[in-house]
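Residue numbering for the sequence shown follows my numbering, beginning at 1 and increasing consecutively.
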Amino acid sequence: FGYINFYTLHGFKLSVYKDDRKKHTGFFCLFISFNFIFWHYFKIYLEKIRIKLIFILKIKWKVAKMLTVRKPAVANLFYTGDKERLYYTVKNYIEKAPLYPYKPEGLISPHAGYMYSGIVAGVSYKQLLNLDPNKHYTFLLIGPSHYVYLQGISFGYYDFWQTPLGNVKVAKEKINSFVKAYPNFPITLNTLPHQKEHSLEVQVPFLQVVMKDFDIIPVVYGDIDSIYVKKVIDFFKDENTVVIISSDLSH
């Protein structure tokens, strides 16, 4: 800058005075100065972007870690949405049902409205009283998809399934094990078939009234060969897992 006595910036015009022979040197020095200033503020700008990105990623991480809950789709349609009324309605069905002296490995239960099928469902679920009340059980719920066409199965991959009686934990770690074991299995990788589906939802309040310590593996099936459903059952079935098939036995 020793060769530059005075320079002005006016719009995009640059004037450099003193010796024309030193003009290029002045431009060079000015260019270096502006580059220094540019990179200084550019680094500040990048740092602000970095901070914003970190903030956004933290928010997305928190959202990703938020628990997913399937909300009831047919409360006040297939059964009452009132917690107390629902509890005593289901309890009444179960109390009036006969208890047979057999430990159930699996059940078949209807999925109509409770006013039509509650008595029959009560007979099925009463048999769960023969299970050890001090053990944890997993219930493999299997039912047809009424609203979404799919060629395969869909797991109800939520953290919890909610009914008016509360939340029920989904055994997601067991579902993950199945998906890893059968990477080519016809699985629909979304929960859309479950969002309005009633065939499994109507089973859950009965489990909540009868059982104390349990979780569920919800599975709906579409256009699929029965051998695939058998593979699902064979994979999950053990002494602490009970299979519940949801069917009206007429369709």
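We treat Cβ as the ideally placed atom computed from N, Cα and C, and that holds for glycine.
Please classify residue i as buried or exposed, where buried requires at least 16 neighbouring CB atoms within 10 angstroms.
{"i": "Q203", "result": "buried"}
{"i": "W161", "result": "buried"}
{"i": "Y221", "result": "buried"}
{"i": "H136", "result": "exposed"}
{"i": "A64", "result": "Because A64 carries a pLDDT of 47, less than 50, the predicted location of this residue cannot be relied on, and the following value inherits that uncertainty. Exposed: under 16 other Cβ atoms inside 10 Å."}
{"i": "D215", "result": "buried"}
{"i": "H146", "result": "exposed"}
{"i": "E105", "result": "exposed"}
{"i": "I54", "result": "exposed"}
{"i": "P183", "result": "exposed"}
{"i": "E239", "result": "exposed"}
{"i": "I217", "result": "buried"}
Taking just the CA atoms, how far does residue j sit from residue i?
{"i": "A112", "j": "F78", "result": "7 Å"}
{"i": "Y149", "j": "F155", "result": "14 Å"}
{"i": "I210", "j": "L131", "result": "Residue identity differs from the one stated: residue 210 is Val in this sequence, not Ile. In a straight line, the C-alpha of V210 is about 10 Å away from that of L131."}
{"i": "Y87", "j": "L129", "result": "17 Å"}
{"i": "V69", "j": "D248", "result": "27 Å"}
{"i": "G2", "j": "I49", "result": "Confidence at G2 is low in this model, with a pLDDT of 41, below 50, so its placement is unreliable and no value can be given for it."}
{"i": "P98", "j": "Y125", "result": "10 Å"}
{"i": "N76", "j": "P205", "result": "13 Å"}
{"i": "F178", "j": "I245", "result": "19 Å"}
{"i": "T191", "j": "Y157", "result": "6 Å"}
{"i": "A181", "j": "D234", "result": "13 Å"}
{"i": "K230", "j": "K103", "result": "21 Å"}
{"i": "T163", "j": "G81", "result": "8 Å"}
{"i": "E173", "j": "I119", "result": "34 Å"}
{"i": "L165", "j": "Y114", "result": "15 Å"}
{"i": "S117", "j": "K83", "result": "19 Å"}
{"i": "N176", "j": "L189", "result": "12 Å"}
{"i": "M66", "j": "I37", "result": "44 Å"}
{"i": "P110", "j": "K237", "result": "21 Å"}
{"i": "K96", "j": "K196", "result": "30 Å"}
{"i": "I32", "j": "W39", "result": "11 Å"}
For my contact list, residue i and residue j are in at a C-beta cut-off of 8 Å; report their separation, rounded to the angstrom.
{"i": "L107", "j": "V242", "result": "7 Å"}
{"i": "L141", "j": "V90", "result": "Not really, about 16 Å apart at Cβ, beyond 8 Å."}
{"i": "F139", "j": "L200", "result": "So it is not a contact: roughly 10 Å between Cβ atoms."}
{"i": "D159", "j": "V170", "result": "6 Å"}
{"i": "G152", "j": "I224", "result": "6 Å"}
{"i": "Y93", "j": "A121", "result": "7 Å"}
{"i": "P133", "j": "K212", "result": "6 Å"}
{"i": "P186", "j": "Y228", "result": "7 Å"}
Taking the beta strand (DSSP E) that residue i belongs to, which residues open and close that run?
{"i": "Q162", "result": "160 to 163"}
{"i": "L140", "result": "137 to 144"}
Sequence ranges, beta strand (DSSP E) only - wholly within the stretch 167 to 251, length at least 3: Fully enclosed beta strand (DSSP E) runs of 3 or longer: 214 to 221, 241 to 246.
Entirely enclosed beta strand (DSSP E) segments - the stretch 57 to 127, minimum 3 residues: Taking only runs of at least 3 residues, the beta strand (DSSP E) segments lying wholly in the stretch 57 to 127 are 106 to 109.
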